[in-house]
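**Q** Below is a structure I'd like to ask you about.
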Amino acid sequence: MEDKFITLAIHTNGHAMMLKRILEAHDIEVRLQKFVLSGVPVEAGVRVMIHEKDVPLALKVTESIEHLETLNRDTVFSGKNGNLLIPVDFNDYCMKACTAGFDIASRLDLQPIILHAYPTPIFNASFSLEESANLGIDNSLEEEYNEIELSRDLQIQGKRKLKNLVDSIREEQKEGKIADLKFKTVMEDGVAEDVIKDYCRMNAPALVVMVTRTKEKKGEQLIGSVTAEVLDNCKVPVLSLPENCEFSGITNVKELVFFCNLDQHDLISMDTFMRMFEYPDVDITLVPLNEKQDKNLKNKLINLKNYFSKNYPAATFSYEVFPSKTFMLDFNNFESQRGVEMIVVPNRRRNAFMRLINPGIAHRLLFERDLPLLAIPIG
144 MEDKFITLAI
154 HTNGHAMMLK
164 RILEAHDIEV
174 RLQKFVLSGV
184 PVEAGVRVMI
194 HEKDVPLALK
204 VTESIEHLET
214 LNRDTVFSGK
224 NGNLLIPVDF
234 NDYCMKACTA
244 GFDIASRLDL
254 QPIILHAYPT
264 PIFNASFSLE
274 ESANLGIDNS
284 LEEEYNEIEL
294 SRDLQIQGKR
304 KLKNLVDSIR
314 EEQKEGKIAD
324 LKFKTVMEDG
334 VAEDVIKDYC
344 RMNAPALVVM
354 VTRTKEKKGE
364 QLIGSVTAEV
374 LDNCKVPVLS
384 LPENCEFSGI
394 TNVKELVFFC
404 NLDQHDLISM
414 DTFMRMFEYP
424 DVDITLVPLN
434 EKQDKNLKNK
444 LINLKNYFSK
454 NYPAATFSYE
464 VFPSKTFMLD
474 FNNFESQRGV
484 EMIVVPNRRR
494 NAFMRLINPG
504 IAHRLLFERD
514 LPLLAIPIG
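Heads up: the sequence shown is residues 144 to 522, going by our numbering.
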């Protein structure tokens, strides 16, 4: 059956033309149709109509525009930029992040960027040490001087460790253990999560790949960890890989769980995932996270499953509903039987994921398991 056109928005003629141009820049076919109100002798507006299959991408494009007046800007929101960010802190599982990141970058035709953030001591020195002695100022400035020296040492140590990591990556590339890609390194001073978020805000990588601690090392302090902070605030997709998880490459991941909120953001997130990985042939189980009782829950899931099946025929979709009282037990059994390999989460900034990292079912589900987690930002 031919995909039907539906109305995306109704605007004045000028705004409709601007919206048409920016949608067409993303290869979305657009039709404009005059909109006339019954009994009104003048044109009331213009319908902007698109293929039903293009709705998720069109919503993503329009939601990225803060105001319709900015539609004439030159930037094109493609959903896939030129690099992939790999934050590192030179721990024991640093190479795991690089191996996974380079594998994905190779598949998506991206350039890996290795980012290291080193802490900078806080100081407010106004005088040199010699000046303070001559002026009779106490030796409190000596502590600040030592902090400056410490900062220099941390920078030097960071550069040395980064060089060692680069040498290790190149050696692994020669041995065929890491994808043979050109890559760059970046080193910035500051708190790690802030440096990562600032880099993403200024450069908008297509994906961030991070490795987290094993579940044996995770505790309540994880709530304030670098990964949790980045997941909660980052405006680009983030793939979090537990240290002990088995990850042999993104193409080998075939069994996924997609946590859904049963709203239009599910469409955007699924479309982002599918386009990013070029419509993979995977088995995806839809699992609702809504805790409220909903009489139409199963009907909504069926409709969502049917929509996804129609628009992404290479993938196989199903759904499961786990009662909140037995959620963990039911999911444990399901995960074991199905061999779940990755969790995908639509991440509504300061909303959906905040619910996920708070103590409770979702916290235990995501942070006490050695499963890769892909968080896709929405809104």
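Using N, Cα and C, we set each Cβ at its ideal position, and we do this for glycine too.
All figures in this text were calculated on a predicted structure; none of them were measured in a lab.
1. Please determine whether the Cβ atom of D414 lies at a distance below 7 Å from any heavy atom of the ligand COA.
2. Buried or exposed for P466, going by 16 or more other Cβ atoms inside 10 Å?
3. Cβ of C388 within 8 Å of Cβ of P515?
4. Whether or not the segment 244-252 and the segment 345-353 are in contact is what I'm after, with contact meaning three or more pairs of Cβ atoms, one per stretch, closer than 8 Å; do they touch?
5. Assign Y450 to one of three DSSP states: helix, strand, or coil.
6. So what's G244 in DSSP terms, helix, strand or just coil?
7. Could you check how far apart the C-beta atoms of V487 and F401 are, in whole angstroms? I think they sit under 8 Å.
8. Quick one: any contact between the segment 442-458 and the segment 476-484, if contact means 3 or more CB pairs under 8 Å?
9. Can you grab the Cα-Cα spacing for the pair L472 / T155, in whole Å?
10. Report the CB separation of L526 from I229 in whole angstroms; it is logged as a contact under 8 Å.
11. In whole angstroms, what separates the C-alpha of F140 from that of V189?
12. Rounded to whole angstroms, what's the CA-CA distance from M345 to K203? Just pull it up for me.
13. Report the three-state DSSP secondary structure of S269 (helix, strand or coil).
14. Give the list of continuous beta strand (DSSP E) stretches no shorter than 3 residues that lie fully inside the segment 351-416.
15. Rounded to whole angstroms, what's the CA-CA distance from R498 to T355? Just pull it up for me.
16. State the Cα-Cα distance for the pair D296 and P262, rounded to the nearest angstrom.
17. Apart from the five residues on each side of it in sequence, which residues of its chain come closer than 7 Å, Cβ to Cβ, to P431?
18. Looking at the structure shown, is F460 part of a helix, part of a strand, or coil, going by DSSP?
19. May I ask which residues mark the beginning and end of the alpha helix (DSSP H) holding H154?
20. Anyone know if the C-beta pair for A335 and A260 falls short of 8 Å?
21. H194 bridges to which residues according to DSSP?
22. On the three-state DSSP scale, how would you describe V337?
23. What residues match up with M485 in a beta bridge as DSSP calls it?
24. Using only the alpha-carbon positions, how far apart do I153 and H408 sit?
25. Going by DSSP, which residues form a beta bridge with T328?
26. Could you please give me the residues that DSSP links to A518 through a beta bridge?
27. Under DSSP, the beta strand (DSSP E) around V430 begins and ends at which residues?
28. Going by other Cβ atoms of all chains shown within 10 Å of its Cβ, with 16 needed for buried, is K340 buried or exposed?
29. My guess is that P489 and S383 are in contact by the Cβ rule of under 8 Å, so how many angstroms apart are they, rounded?
30. In whole angstroms, what separates the C-alpha of F474 from that of P385?
31. Is N395 buried or exposed, if buried means 16 or more other CB atoms sit within 10 Å of its CB?
32. What does DSSP give as the partner residue(s) for I299 in the beta ladder?
33. Taking Q176 as the reference, which of L151, L166, A168, I165 has the closest Cα?
34. DSSP on N527, reduced to helix/strand/coil?
35. Per the DSSP calculation, P230 is bridged to which residue(s)?
36. For S311 and I247, what's the separation of their Cα atoms in angstroms?
**A** In this structure, then:
1. The ligand COA is not part of the structure shown, which contains no ligands of any sort.
2. By the neighbour-count rule (16 or more Cβ atoms within 10 Å), P466 is not buried but exposed.
3. Yes. Within cutoff.
4. Taking a cut-off of 8 Å on C-beta distances, the segment 345-353 touches the segment 244-252, as three or more cross pairs fall below it.
5. Of the three classes helix, strand and coil, the one that applies to Y450 here is helix, per DSSP.
6. Three-state DSSP puts G244 in a helix.
7. With 8 Å as the limit, V487 and F401 qualify as a contact, their Cβ atoms being about 5 Å apart.
8. The segment 476-484 and the segment 442-458 do not touch, with fewer than three beta-carbon pairs separated by less than 8 Å.
9. The straight-line gap from Cα to Cα measures roughly 54 Å.
10. Residue 526 lies beyond the range of the chain shown here (144 to 522); nothing can be said about it.
11. This structure gives no information on residue 140, because the portion of the chain shown stretches from 144 to 522.
12. So the alpha carbons of these two residues sit roughly 19 Å apart.
13. With a pLDDT of 44 at S269, under the threshold of 50, the modelled position of that residue is not reliable, and no figure is offered here.
14. As far as the segment 351-416 is concerned, its whole beta strand (DSSP E) runs of at least 3 residues are 381-385, 398-403.
15. Only weak support is given to the placement of R498: the predicted model assigns it a pLDDT of 47, under 50, and the question is left unresolved by the model.
16. Distance between the alpha carbons of D296 and P262: 11 Å.
17. Closer than 7 Å at Cβ, skipping near neighbours: C403, L405, L440, L444, V464.
18. In this structure, F460 counts as strand in the three-state DSSP scheme.
19. No alpha helix (DSSP H) holds H154; the beta strand (DSSP E) holding it covers 148-154.
20. Yes, the Cβ-Cβ distance between A335 and A260 is below 8 Å.
21. When beta bridges are read from the DSSP output, H194 appears opposite F148.
22. Reading off the sequence, residue 337 comes out as Asp, not Val. Residue state, collapsed to three classes: helix.
23. In the DSSP output, where bridge partners are listed per residue, M485 has L399.
24. Cα to Cα, I153 sits roughly 21 Å from H408.
25. T328 is bridged by DSSP to I257.
26. V381, V488, per the DSSP bridge assignment.
27. Start and end: 426-431.
28. Answer is buried; the Cβ neighbour count reaches 16.
29. Cβ-Cβ separation between P489 and S383: approximately 15 Å, too far for a contact (criterion under 8 Å).
30. In a straight line, the C-alpha of F474 is about 19 Å away from that of P385.
31. The residue is exposed, with fewer than 16 neighbouring Cβ atoms inside 10 Å.
32. Within the DSSP secondary-structure output, I299 pairs in no beta bridge.
33. Of the candidates L151, L166, A168, I165, the one whose C-alpha sits nearest the C-alpha of Q176 is L151.
34. Nothing can be reported for residue 527: it is not among the residues displayed for the chain, which extend from 144 to 522.
35. Looking at the DSSP assignment, P230 forms a beta bridge with L258.
36. Roughly 19 Å between the two C-alpha positions.
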